[in-house]
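Protein chains in written order, with our numbering: chain U, 208 to 559; chain P, 23 to 287; chain L, 13 to 584.
Just so you know, even glycine gets a beta-carbon here, dropped at the ideal spot from N, CA and C.
Read the structure below first, then the notes.
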């Protein structure tokens, strides 16, 4: 423990004098702590009294703050009117703020002006001394020796074996964190889109006729079969893979149609997976004149006129396109499932 | 942008704009090229022949330099034949047209024409070819719409560009989806109907009139309910919150720290 | 507790007899738990006082506020993904189907009085918590407080920062709205990109295919039990080590490697630190009462179809978001993603997701091991309790600034869409520039910072050797104009001269007398670290300067004062 002051606020408690530091190390030797400068309140009783009153006022502010909180909590009506919610929130916040700041500022002001402010000095102790270290080393050696673990390798080796294996059950126990029945990446290859499944609007669930889309239109689509799924979790998982953006552009403006995709569109109507091939955000920002499709999360940009090729951003692959046709009743339907897995790339995806 | 738009109040603004329009060349992203098959959304407004005549004069003086003397379009601006009255009412009514300067997209600014002139321009353009007409009052009454349903439709169809709190957002190459705060019901409706700039078209077959009304109801409810938590910091989400905590929050804390560790006089 | 509880043995003639009521209570407790030693150890323990030492306290206090407000929230929040129909006070959601988690978050905002305030103070406190930890860490880095013997405590601090990020992200995800749902979807996408184990990790986290119905309850357990539990344990370790090592102090007169100068815990430091808790609480309450945060009623219940413009994480995840945005997926017509051909159909390497993990990984791994890297480069094995002024360690300060620049570019990229809309820029241009800036920026920052440090050191030398410019121009009898200089007093002088500036040390041969390749590397880094240096003023130089002053006759007391070693003798 270091030197402590005598408690007289006019005196410095510190007793470092000149030359306490290493001598000759620097251009000048350590001059020691600067002389203690008394505060106004140390020498003038009136100033001290004023500080005392200021602290008391701050504590009163705190009391007022608590009252403001109670007014906010009990007096303001708690209705569906959000303006009242805001008023209440403001009163609660300001009330607590006053209550807390009053105490905090008051106590600190008290400490700063009225409590002794001389700095004190404490010596640093070494974390260990050499003889203590040797003693500890001796104890460790004795303990190991007495346990006999070094002399009896059979015990040691079987213990190591057991200790390595024993935690494994705790790891295995977590296997059922995955609750899916057919655990594995295989199910990521398929969605519920299939031949003849109607394209319906999200969220209304109404089917779409080709004539419903004019040039420049964009529509958010889910498969009709999604509406039949009752289990909430399963529904979300299937929706997460099968959401589609349906757009119509002037057929003249479609620039690229690769082999085998000639019948995937219908009079300029194109359907593409909304799940970004980067990390899976819904890509839904469609610019009708540039035919660009932008993902708001990481800004991958896809060109709808060129089979959704990546023209900007981090996505590694084009968006999968859903082949569509028109059924007997004139509604848009899928020709098949997507021909490749939708969404972000994963290790097992391969060339699919 | 603001400073510029104020300068344009000058009486010669129209002339200056004309000259500017003539001088400007280069790519134009704005406005509609679509041959819109959409049907008029409510009872088609009847325009008188004098409206059309007045509109033609206004058009020749203010718009023809870019859109062509017969609105057939030029290198700088698209044809307006068949875009309909709704398109004109939106573009001119929100001040986007006449355009201040060529850029990634036309900016919203104080309207250059009064309601009557806007109507005359709309009448003239509507007379050039069939297109969506200005919606009737009955479709715009936010009180009639269902805000819950409108909210759901908004989040699926609009929020990805305009932000969940309708505060706007960025598109590619300097384009952006504007904030929807303070936009008139009529203009919200027309925007959905015609798809101005790069916005997709949400015609009545895609989002029926009553759904559009629900969306308007949601936006107006949202606007009138205020922000219950306090100042919304632009409703821009975590970025503005983080910025606030690193500026205002940190400044308050450092102020307290410096005061706390400073020596009393 | 006071001095009355100074000593007490159970019996004996010298047994302590308390006289006052307080004394009796204190003695009762003391006899049973031994408070005497606690009071002796901590009652007058010294803590140095400087405003930059308070960031750790802000972190600690906001953590306490997080726990208090968090406990309140757990009483109403229902971490379930089961579907319910919302029937609360928020009209625009009435009758909607949503998860119980989202519905209870809305209830907390609108139906529980004070719930909105508690939600907001919890979220703001979380932002402040991570911010305070980060700034605290920067303070520790730039002043060299991580050096021996405090390396392990630095590691504990780094672990706390990572846990803070974990706590923040799990909390951000709990309300199960569209914003946080898309955040989870990004996590799912990143997990799936990991080679071999990725798909399985995603299935394990989500209990099957994304999003499933398991993830919110799991994140909840992490958020309210496991992560805060570990944080609490590490905070205890962190503070224990602070007490063990005693706090560092800035260089200055009277401060040595063998002492601590500051205020005693009782009463001044306790009052200030205790009061500061209330101040931090008050500031957070003020912010929570007046500024809205995470308006989750805007986002709507999670649904995999919608997304919103400005989809961003909280600030501390921003750099991770930014690095993903910055990475190109294609270079020209060449895709970076590729498939390793295998007999079973190939394995995909999602390079555009994996590459960004490398710099972020290096950043965090480097953070943990920096104390050992620096000690290895400098070859310095001594204990350090006196801090470096950042200018006196130019290479470290420059390296730190370069790292901060790197971080900030990633951070800014996390908000590039908002930068684009608010500064009328093109989103694409910002991204293109950032791809250049991420390489150029840190190098530039390094060079500039180092130059600034060296310039400040030279200015310090100037001040020591010639004094401060007094702003008085004098004309000598022969017509020469000179400016009068005022010598700093010894206390200021000592602060300016008392530091070490090591020279590059060449390679040191090992026991066999050989210089290994590793040693050559070390020596190279050492040269890079120390080659540009401004030496502190030596005693010789200082005495010569005083001599010079004497001849010129424009200082009147420096030499005498120094020789007499008189405290407070006046200089002008």
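- For residue 382/U, the three-state secondary structure derived from DSSP is helix.
- The Cβ atoms of residue 427/L and residue 320/L lie no closer than 8 Å to each other.
- The Cβ atoms of residue 148/L and residue 67/L lie closer than 8 Å to each other.
- Just measuring C-alpha positions, the residue of 320/U, 468/U, 520/U sitting nearest residue 253/U is 320/U.
- Note that the C-beta distance between residue 315/U and residue 287/L is below 8 Å.
- Put simply, the CB of residue 90/L is far from chain U, with every gap to its CB atoms at 8 Å or more.
- Between the C-alpha atoms of residue 515/U and residue 526/U there is a straight-line separation of about 6 Å.
- Near chain P, meaning a CB-to-CB distance below 7 Å, the residues of the segment 59-75 of chain L are 61, 62, 63, 66, 70.
- The three-state secondary structure of residue 238/U, taken from DSSP, is coil.
- Nearest Cα to residue 276/U within the set 305/U, 284/U, 255/U, 436/U: 305/U.
- Of all C-beta pairs linking the segment 498-516 of chain U to the segment 355-371 of chain U, fewer than three are shorter than 8 Å, placing the two stretches out of contact.
- Residue contact with chain L for residue 252/P: present (Cβ-Cβ distance below 8 Å to some residue of chain L).
- Taking a beta-carbon distance threshold of 8 Å, residue 245/P does not count as an interface residue toward chain U.
- The beta-bridge partner set that DSSP reports for residue 510/U consists of 499/U, 516/U.
- Under the 8 Å Cβ criterion, the segment 287-302 of chain L does not count as touching the segment 170-179 of chain L, having fewer than three qualifying pairs.
- A distance of 8 Å or more separates the beta carbons of residue 255/L and residue 56/L.
- Only buried fits residue 282/L, as 16 or more other CB atoms lie within 10 angstroms of its CB.
- Here the C-alpha atom of residue 498/L lies approximately 6 Å from the C-alpha atom of residue 481/L.
- Approximately 19 Å separates the beta-carbon atoms of residue 518/U and residue 478/U; this is outside 8 Å, ruling out the contact.
- For the pair residue 415/L and residue 461/L, the CB atoms are not nearer than the 8 Å cut-off.
- Spatial neighbours of residue 392/U in its own chain (CB-CB distance under 6 Å, excluding positions within 5 residues in sequence) are listed in chain order as 555.
- Between residue 310/L and chain P, the shortest Cβ-Cβ separation is below 8 Å.
- For residue 246/P, the uninterrupted alpha helix (DSSP H) run begins and ends at 231-247, by DSSP.
- Neighbours of residue 440/L across chain P, judged by C-beta separation under 7 Å: 194, 195.
- Neighbours of residue 185/P in chain L, taken as residues at a C-beta separation under 8 Å, are given in chain order as 320, 321, 322.
- Annotation: the continuous beta strand (DSSP E) that includes residue 359/L extends over 359-361.
- Between residue 124/P and residue 89/P, the alpha-carbon positions lie close to 13 Å from each other.
- Taken atom to atom, the span from the alpha-carbon of residue 116/P to that of residue 88/L is near 46 Å.
- Counting other Cβ atoms within 10 Å of its Cβ, residue 250/L reaches 16 or more and is therefore classed as buried.
- Residue 278/U is positioned such that its CB atom lies no closer than 8 Å to that of residue 294/U.
- Distance from the CA atom of residue 555/L to the CA atom of residue 70/L, rounded to whole angstroms, is 45 Å.
- 320, 324: these are the residues of the segment 320-334 of chain U whose beta carbon lies less than 8 Å from some beta carbon of chain P, given in chain order.
- Between residue 145/P and residue 74/P, the beta carbon gap of about 5 Å places them in contact (Cβ cut-off 8 Å).
- Closest in C-alpha terms to residue 422/L, from the list 338/L, 49/L, 199/L, comes 338/L.
- Of all residues in the segment 278-290 of chain L, the ones placed with a Cβ closer than 9 Å to any Cβ belonging to chain U are 279, 280, 281, 282, 283, 284, 286, 287, 288, 289, 290, in chain order.
- Assigned with DSSP and collapsed to three states, residue 364/U falls in helix.
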